[in-house]
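Trainee: Numbering (numbering that gives the first Met the number 0), first residue to last: 0 to 367.
Glycine is no exception: its CB is placed at the ideal position from the N, C-alpha and C atoms.
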Amino acid sequence: MHDLIIRNALLVDGLGSAPVVGELSVTGEKITGIGKDLGSSKHSIDADGLALMPGIIDNHTHYDAQLTWDPLASPSPALGVTTAVIGNCGFTIAPCKPADRDLILKNLTQVEGMSIDVLRAGTRWGFESVAEFFGMLEKQGVALNVAGFVGHSSVRTYVMGEDAPRRAATPSEVAKMRELVLEGMRAGAIGFSTSTSPNHNGHGGIPMPSRLADDTELRELVGCLKEAGRGVFMLTKGGQTRIEFLEELAAASGRPVVVAALLHNNTSPRGVFDDLDKITAANARGRKLLGAISCCALTMDFTLHSPYTFEGLAAWKPALSLTGEKYRSLLKAKTFRDAVRAEINGPPVATRLFNGQWDKMYVENVGR
Numbered sequence: 000m001h002d003l004i005i006r007n008a009l010l011v012d013g014l015g016s017a018p019v020v021g022e023l024s025v026t027g028e029k030i031t032g033i034g035k036d037l038g039s040s041k042h043s044i045d046a047d048g049l050a051l052m053p054g055i056i057d058n059h060t061h062y063d064a065q066l067t068w069d070p071l072a073s074p075s076p077a078l079g080v081t082t083a084v085i086g087n088c089g090f091t092i093a094p095c096k097p098a099d100r101d102l103i104l105k106n107l108t109q110v111e112g113m114s115i116d117v118l119r120a121g122t123r124w125g126f127e128s129v130a131e132f133f134g135m136l137e138k139q140g141v142a143l144n145v146a147g148f149v150g151h152s153s154v155r156t157y158v159m160g161e162d163a164p165r166r167a168a169t170p171s172e173v174a175k176m177r178e179l180v181l182e183g184m185r186a187g188a189i190g191f192s193t194s195t196s197p198n199h200n201g202h203g204g205i206p207m208p209s210r211l212a213d214d215t216e217l218r219e220l221v222g223c224l225k226e227a228g229r230g231v232f233m234l235t236k237g238g239q240t241r242i243e244f245l246e247e248l249a250a251a252s253g254r255p256v257v258v259a260a261l262l263h264n265n266t267s268p269r270g271v272f273d274d275l276d277k278i279t280a281a282n283a284r285g286r287k288l289l290g291a292i293s294c295c296a297l298t299m300d301f302t303l304h305s306p307y308t309f310e311g312l313a314a315w316k317p318a319l320s321l322t323g324e325k326y327r328s329l330l331k332a333k334t335f336r337d338a339v340r341a342e343i344n345g346p347p348v349a350t351r352l353f354n355g356q357w358d359k360m361y362v363e364n365v366g367r
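1) For Lys333, which three-state DSSP category applies?
2) For Pro255, I'd like the list of residues in its chain whose CB is within less than 8 Å of its CB, leaving aside the five on either flank, ordered along the chain.
3) Run the CB neighbour count on Trp315, radius 10 Å, all protein chains shown included, and call it buried at 16 or more, exposed below.
4) Using only CA atoms, which one of Ala281, Ala291, Lys325 lies nearest to His304?
5) Using only alpha-carbon positions, find the residue among Glu216, Tyr361, Glu22, Lys96 that is nearest to Ala174.
6) Cβ of Gly86 within 8 Å of Cβ of Phe148?
7) Less than 8 Å between the CB atoms is what I'm expecting for Leu224 and Gly187, so what's the real figure, rounded?
8) Quick check: Val129 and Leu66, are their CB atoms within less than 8 Å of each other?
9) Hey, which unbroken runs of the alpha helix (DSSP H) at 4 residues or more fall wholly within the segment 321–367?
10) Distance, Cα to Cα, Leu10 vs Val19?
11) So, with DSSP's three-state summary, where would you put Leu289?
12) On the CB-based measure, 16 or more other CB atoms within 10 Å of its CB, does Ile380 come out buried or exposed?
13) At the level of alpha carbons, what is the spacing between Asp69 and Ser196?
14) So is Ala251 buried or exposed if we call it buried at 16+ other beta carbons inside 10 Å?
15) Just verifying my parser: in three-state terms, what is the DSSP assignment at Val271?
16) Quick one: is Ser16 buried, meaning 16 or more other Cβ sit within 10 Å of its Cβ, or exposed?
17) To which residues of the same chain is Ser320 closer than 8 Å at the C-beta, ignoring the five residues directly before and after it?
18) Pull up the DSSP beta-bridge partners for Val20, would you.
19) Using 10 angstroms around the beta-carbon of Asn200, count the other beta-carbons present and answer buried if the total reaches 16, otherwise exposed.
20) Kindly indicate which three-state DSSP category Asn58 falls into: helix, strand or coil?
21) What whole-angstrom Cβ distance do Leu143 and Val80 have, given they're in contact under 8 Å?
22) Taking the beta strand (DSSP E) that Lys29 belongs to, which residues open and close that run?
23) Between the beta-carbon of Ala64 and the beta-carbon of Ala8, is there less than 8 Å?
24) According to DSSP, which residues form a beta bridge with Ala259?
25) Assess, as a yes-or-no matter, whether the segment 105–125 is touched by the segment 233–242 under the definition of 3 or more beta carbon pairs within less than 8 Å.
26) I'd like to check one pair, Glu172 with Val158: are the Cβ atoms closer than 8 Å?
27) Candidates Leu312, Lys277, His263: which alpha carbon is nearest Thr298's?
28) Which residue from Met52, Val25, Ala120, Glu161 puts its Cα closest to that of His42?
29) Should the segment 264–275 be called in touch with the segment 325–343, which here means at least 3 C-beta pairs below 8 Å?
30) Quick one: grab the DSSP three-state call for Ile115.
31) The alpha helix (DSSP H) spanning Ile242 covers which residue range?
32) When the Cα atoms are used, what is the spatial distance from Ile292 to Lys138?
33) Around the C-beta of Asp214, are 16 or more other C-beta atoms found within 10 angstroms, so that it is buried, or is it exposed?
34) Would you give the residue range spanned by the alpha helix (DSSP H) that Thr308 belongs to?
35) Among Ala120, Gly27, Leu136, Ile33, which one has its Cα closest to the Cα of Ala381?
36) Quick one: Cα of Ala313 to Cα of Ala77, how far?
Structure, rendered in C-alpha cells:
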C-alpha cells in the first residue's frame with residue numbers, strides 16, 4: 000500500500016512528453032509510481048483540474064536572511080519553486096561574528112537592493128557558523144528544499160574584519176579561510192561561491208570583499224572542494240576573470256565550476272558567446288564548466304535612493320558613501336550631474352551595467 004496517491008492530475012513529466020491525466024504514488028520520501036490505477040493508499044488527493052509536475056529548482060537566490068523570518072520563502076513556492084539555492088556570489092550571512100552583523104546586512108542592502116530596516120528587524124541571528132545557520136533553518140523548518148554555498152565575502156570578513164574589502168590576504172589569513180570553507184562543507188554546504196564582478200559593491204561603495212582576492216587565494220579556497228571530495232564552485236564573473244583561469248580551477252579541484260551570469264551586453268555583443276565557446280571547449284577537454292544564462296532579459300526596479308544601475312559609473316562614486324541631506328545635496332549639485340551625464344554620454348564600457356540605454360528605461364512612479 001502506498002502512503003499517498005494523487006489522482007486525476009494532469010501529469011507533466013518535465014521531459015517534453017505530452018501531458019496526460021493519471022495518478023502519482025508516494026511512499027516514504029520517494030515517488031513510487033506514475034500511471035493509472037496505482038492501487039490503494041493511506042491517503043489520497045483528488046487533483047482533478049490541476050496540473051502536477053516536477054518542482055522548479057531556483058539555482059540563484061539570495062534568500063539567506065529572509066529564510067530566518069519567512070520559512071515560506073515567499074513568493075517562490077506559489078510560483079512552483081521547490082528547491083532554492085542560497086549563498087550565491089559569495090554573499091551569505093554565515094559565518095558572521097556578532098560584531099559584523101550590521102556590516103553584513105548593510106552589504107546586502109547595497110549589492111542586492113534589500114531594505115536595511117527590513118533586514119535589521121527581521122533577521123533572526125542565533126548563529127555564527129555555517130553549521131549553526133543550517134541547523135537553525137532545519138530546526139525552524141523551511142517550506143522549500145534549501146541548498147547553500149559557503150560565501151567568500153562572508154568568510155573573508157570573518158577572518159579579516161574591516162580589512163576584507165581593502166587588501167589582499169596574508170598566507171595565514173588564507174589558511175584560516177580554508178578552515179572555514181572546509182567546516183562549511185562538513186556542515187552540508189553544496190560548495191563555495193565568490194564574485195569578481197565590478198558591479199558588486201558593498202556598503203559605502205566599497206568593493207565586496209571577494210573582489211580583493213588574488214588568484215592564489217582563489218586556488219586555495221576552491222582547492223577545499225577537492226579536499227572535501229564534493230561540491231561546486233560558483234563564480235559571478237567580472238570582465239577581468241578569464242575562462243582559462245576557471246578551467247584551471249576546475250582541473251585542479253576536479254569539481255564543476257558554475258560561471259554566472261552570462262548575459263547579453265550591447266557594448267560587447269560577442270563577449271558572452273566567446274565565453275560560451277570557451278566553456279564548450281573546456282568541457283570537450285574533460286573539465287566541467289557550466290555557463291549560467293537567463294531565459295529572459297535582466298530587468299530591475301530601482302530608485303534614486305538606491306540606484307544600483309548607476310553605481311558602476313565612476314562619476315557616481317562620491318554618492319555611494321553619503322546618506323540623507325548630504326546625498327540629496329550632491330544629487331542636486333551641477334558639477335556632479337554634469338560629470339555623470341558626461342560619463343554616460345562618453346565611450347561605453349563593456350563591464351559597466353549602464354551605458355546610456357535610456358530607450359530601455361521607464362519611469363514608473365514620481366514622488367518627493
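Mentor: By the coordinates alone:
1) helix
2) Val231, Phe232, Ala249, Lys287, Leu288, Leu289
3) buried
4) Lys325
5) Glu216
6) yes
7) Rounded, the Cβ-Cβ distance is 14 Å, inconsistent with contact.
8) no
9) 323–331, 333–344
10) 5 Å
11) strand
12) A query on residue 380 cannot be resolved here, the shown segment of the chain reaching from 0 to 367 and no further.
13) 29 Å
14) exposed
15) helix
16) exposed
17) Gly203, Gly204
18) Leu9
19) buried
20) coil
21) 7 Å
22) 29–34
23) no
24) Thr235
25) no
26) yes
27) His263
28) Val25
29) no
30) helix
31) 242–252
32) 34 Å
33) exposed
34) Counting along the chain, Thr308 falls outside any alpha helix (DSSP H), and DSSP gives it neither H nor E.
35) The requested residue 381 is not part of the displayed model; the chain covers only 0 to 367.
36) 40 Å
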